[in-house]
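Worksheet for the structure shown next.
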Amino acid sequence: MALVAFKTKEKKINEQAPVERQTVYSTKKCNLWYGNHHALKNINLDMKEREVTAIIGPSGCGKSTYIKTLNRMVDLVPNVKTSGAIEYRGRNIFSKDFHVEELRTRVGMVFQKPNPFPKSIFENIAFGLRIHGIKNKKLIHETVEKSLRQAAIWDEVKDRLHDSAYGLSGGQQQRLCIARSLALEPDVLLMDEPTSALDPVSTLKVEELIQDLKEKYSIIIVTHNMQQASRISDKTAFFLNGEVVEYDDTYTIFNNPRDHRTEDYITGRFG
Amino acid sequence: MENVQKNIHTDEMINKIPVRLLKNKIYKGLFLLAALFTFILLVVLLARIFSQGASHLSWDFLQNFASRRPEQAGIKAAVIGTLWMMAVVVPVSLLLGVGTAVYLEEYAGKNRMTRFIQMNISNLAGVPSVVFGLLGLTLFVRVLFLGNSILAAGLTMSLLILPVIIVASQEAIRAVPKELREAAYGLGATKWQMILRVVLPSAIAGILTGSILAFSRAIGETAPLVVIGIPAFVAFLPKSVFDSFTALPMQIYNWTSRPQEEFHFLAAAGIIVLLVILILMNSVAVWIRNRYENKY
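Those sequence lines, one after another, are chains A and B.
So the first sequence is numbered by the UniProt record's numbering: it starts at 1 and just counts up by one.
So the second sequence is numbered by the UniProt record's numbering: it starts at 1 and just counts up by one.
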């Protein structure tokens with residue numbers, strides 16, 4: 001009896017407490033060089049779970065570099081050097097005992113151009129499970145359906161799961177790629193200009209999808225589109241020449257920016 | 001009324017169109033001629049071979065061993081020997097060739113050493129086949145004591161065609177889009193998983209296209225076989241890769257170098273058999289390639 005009473009009490013406390021959002025990514029004094037080019041300069045950013053963080057800025061400001069650093073995709077570029085730390089849930093992603101494979105399993109990524117594999121729709125989603133050694137057919141089938149439903153593309157593809165993914169339209173391919181990431185049930189979803197290659201209707205669908213997904217996932221999105229950032233994100237970071245000029249609530253950034261450069265950019269005076 | 005200053009005269013440009021169209025036609029004709037020339041040469045070659053050899057093709061010809069008497073001479077040992085040799089060449093050259101290509105494209109750092117190795121591989125493709133024969137003679141026949149066996153000949157032929165397979169495979173691997181690699185890495189794939197599941201399936205069509213050409217060369221090469229001492233007169237079938245054997249090009253070479261005209265006709269018949277084996281083998285490779293190409 002006592003145990004039950006204690007549990008109820010604890011639950012009540014949890015309900016009353018304000019939603020405490022933990023930090024998923026904490027970037028501390030991070031610098032990055034491509035050879036001699038100093039692409040990221042002393043970046044300090046904290047990102048919370050189950051929020052949409054938008055990264056905006058003109059071309060070449062380092063926003064793509066930054067998001068690719070978050071899952072160490074930037075390692076694929078030759079002659080990259082980094083300093084400082086990026087902590088994912090308290091663990092430095094640059095540390096030797098944090099395998100990139102683990103990081104990229106926990107942190108999914110959606111790329112600028114839809115990049116489905118030259119395989120069937122089904123096999124595209126199953127790919128992530130297969131590389132992680134999952135062979136249970138029932139589990140794979142269930143996960144494929146669940147992921148496609150989450151990405152709001154199930155109804156469009158359920159009758160042709162075994163057709164080539166290349167037969168889908170660009171917007172469908174991008175949602176397929178989102179579903180492919182979701183199949184691994186990641187903690188964070190990184191999106192590098194996910195709608196820049198899509199038409200307005202597909203863009204709207206992906207934006208709605210992001211709104212649904214943020215209930216469960218933390219989303220970090222790079223975008224060129226200022227309206228998009230203001231529509232979908234909770235926090236916005238403005239990058240310029242490899243530095244973070246301003247990072248705040250999206251509402252503040254768009255309505256009451258502290259830095260005049262942020263204001264100039266969002267009002268379209270440059271960039 | 002003052003005319004707007006025009007730097008470009010549209011009428012002049014339009015007047016020139018017929019000349020451009022004429023050039024267009026001329027080039028089409030030139031390419032057609034080039035293709036026709038090749039085709040006619042091939043037809044002449046085939047016609048000559050068939051007119052000489054077709055009448056000597058018979059079941060006995062395929063079933064008989066070599067003989068001093070042309071009417072009894074057959075090609076059985078050479079056909080079986082060639083098949084044995086290719087059974088060594090295909091797996092050895094594919095494993096070594098594709099493995100090297102994967103290493104150079106995916107693992108090796110892009111430094112001077114890699115470029116040096118790369119240049120040498122390309123140059124090896126131009127080295128005369130006799131030189132490869134000498135290498136095979138020294139390395140496989142003498143040092144490794146393989147003698148004039150199927151294994152020694154197969155390994156020598158593999159070395160000969162390796163540069164072609166490596167270069168073709170590298171091209172095919174390089175053509176796999178970066179986006180697909182990123183997609184696999186983004187899901188937490190290791191490098192090897194990425195290579196096995198993304199790069200190789202996408203590259204296999206290109207790898208096989210290059211390999212088909214290389215195998216065709218291996219099946220028809222004579223010089224390395226002469227150098228490593230493959231006999232032309234064999235009256236038994238090999239039982240393992242360590243046995244002595246003869247191959248089709250050796251047999252054909254032997255027959256053409258004899259004074260009796262009757263043997264020349266046998267050589268023509270042998271060439272037909274060689275061509276048929278070549279076509280059969282390449283059809284299999286093309287079939288595999290198309291399976292991978294058309295799937296998605």
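Glycine included, every Cβ here is placed at the ideal spot set by N, Cα and C.
Only a predicted model underlies this, so the values are computations on that prediction, with no experimental measurement involved.
Contact set between residue i and chain B, taken where Cβ atoms lie within less than 7 Å
i, result
"Asn-36 of chain A", "Result: empty, since nearest Cβ-Cβ is about 18 Å, beyond 7 Å."
Residue-level contact to chain A via CB, residue i, 8 Å cutoff
i, result
"Arg-197 of chain B", "yes"
"Lys-16 of chain B", "no"
"Thr-209 of chain B", "no"
"Lys-110 of chain B", "yes"
Residues that residue i contacts on chain B, provided the C-beta gap is smaller than 8 Å
i, result
"Phe-111 of chain A", "Glu-179, Glu-182, Ala-183 and Gly-186"
"Gly-108 of chain A", "Gly-186 and Leu-187"
"Asn-115 of chain A", "Pro-177, Glu-179, Leu-180, Glu-182 and Ala-183"
"Pro-78 of chain A", "Lys-110"
Contact check, residue i vs residue j, beta carbons under 8 Å
i, j, result
"Thr-53 of chain B", "Phe-242 of chain B", "The amino acid at residue 53 of chain B is misidentified as Thr; the sequence shows Gly. Cβ atoms of Gly-53 of chain B and Phe-242 of chain B: not closer than 8 Å."
"Leu-146 of chain B", "Ala-152 of chain B", "yes"
"Ile-165 of chain B", "Gly-97 of chain B", "yes"
"Ile-43 of chain A", "Val-245 of chain A", "no"
"Arg-289 of chain B", "Ala-235 of chain B", "no"
"Val-90 of chain B", "Phe-215 of chain B", "yes"
"Met-109 of chain A", "Ser-218 of chain A", "no"
"Gln-173 of chain A", "Val-206 of chain A", "no"
"Ile-219 of chain B", "Leu-135 of chain B", "no"
"Phe-132 of chain B", "Pro-249 of chain B", "no"
"Phe-263 of chain B", "Pro-70 of chain B", "yes"
"Val-167 of chain B", "Ala-203 of chain B", "no"
"Arg-106 of chain A", "Asp-187 of chain A", "yes"
"Lys-113 of chain A", "Glu-179 of chain B", "yes"
"Leu-209 of chain A", "Ala-126 of chain A", "no"
"Val-92 of chain B", "Leu-155 of chain B", "yes"
"Leu-240 of chain A", "Cys-61 of chain A", "yes"
Cross-chain neighbours of residue i in chain A, by beta carbon under 8 Å
i, result
"Gln-118 of chain B", "None at all; the shortest Cβ gap to chain A is about 17 Å."
"Gln-193 of chain B", "Ile-131"
Interface flag, residue i vs chain B, CB-CB below 8 Å
i, result
"Arg-149 of chain A", "no"
"Thr-105 of chain A", "yes"
"residue 275 of chain A", "Residue numbering for chain A in the displayed model covers 1 to 271; residue 275 of chain A lies beyond these limits and cannot be assessed."
"His-132 of chain A", "yes"
"Phe-98 of chain A", "no"
"Gly-242 of chain A", "no"
"residue 275 of chain A", "This structure leaves residue 275 of chain A out entirely; chain A is present only between 1 and 271."
"Phe-127 of chain A", "yes"
"Met-73 of chain A", "yes"
"Pro-58 of chain A", "no"
Beta-carbon neighbours of residue i, restricted to chain A and to distances below 7 Å
i, result
"Ser-202 of chain B", "Pro-118"
"Thr-190 of chain B", "Glu-101"
Under 9 Å from the C-beta of residue i: neighbouring residues of chain B
i, result
"Leu-184 of chain A", "Leu-187 and Gly-188"
Count the C-beta pairs between the region 198-210 of chain B and the region 23-41 of chain B that are closer than 8 Å, then say yes if the count reaches three, no if not. no
Under 8 Å: do the region 230-237 of chain B and the region 120-132 of chain B share three or more Cβ pairs, one atom per stretch? no
Touch test, the region 90-98 of chain A against the region 110-118 of chain A, Cβ-Cβ under 8 Å, three pairs minimum: no
May I ask you to verify whether the region 71-86 of chain A touches the region 234-254 of chain A, counting CB pairs closer than 8 Å and requiring at least 3? no
Do three or more CB pairs link the region 52-66 of chain A to the region 215-230 of chain A at distances below 8 Å? yes
Which residue spans inside the region 26-64 of chain B form an unbroken alpha helix (DSSP H) run of at least 4? 59-63
Within the region 113-168 of chain A, note down every full alpha helix (DSSP H) run reaching 4 residues or more, in order along the chain. 121-131, 137-150 and 154-157
Scan the region 182-226 of chain A and note each continuous beta strand (DSSP E) run of 3 residues or more that stays entirely inside, going in chain order. 188-192 and 218-222
Please confirm if the region 182-193 of chain B is in contact with the region 173-184 of chain A, defined as three or more CB-CB distances below 8 Å between the two stretches. yes
In chain order, which continuous runs of the alpha helix (DSSP H) of length 4 or greater are located wholly inside the region 121-157 of chain B? 129-136
Inter-stretch contact at 8 Å, needing at least 3 Cβ pairs: the region 77-90 of chain B / the region 273-283 of chain B: yes
Please give the ranges of any beta strand (DSSP E) in the region 22-100 of chain A, keeping only runs that are unbroken, at least 3 residues long and fully inside the region. 23-34, 37-48, 52-56 and 80-88
Sufficient close CB pairs (3 or more, under 8 Å) joining the region 78-97 of chain A to the region 155-168 of chain A: no
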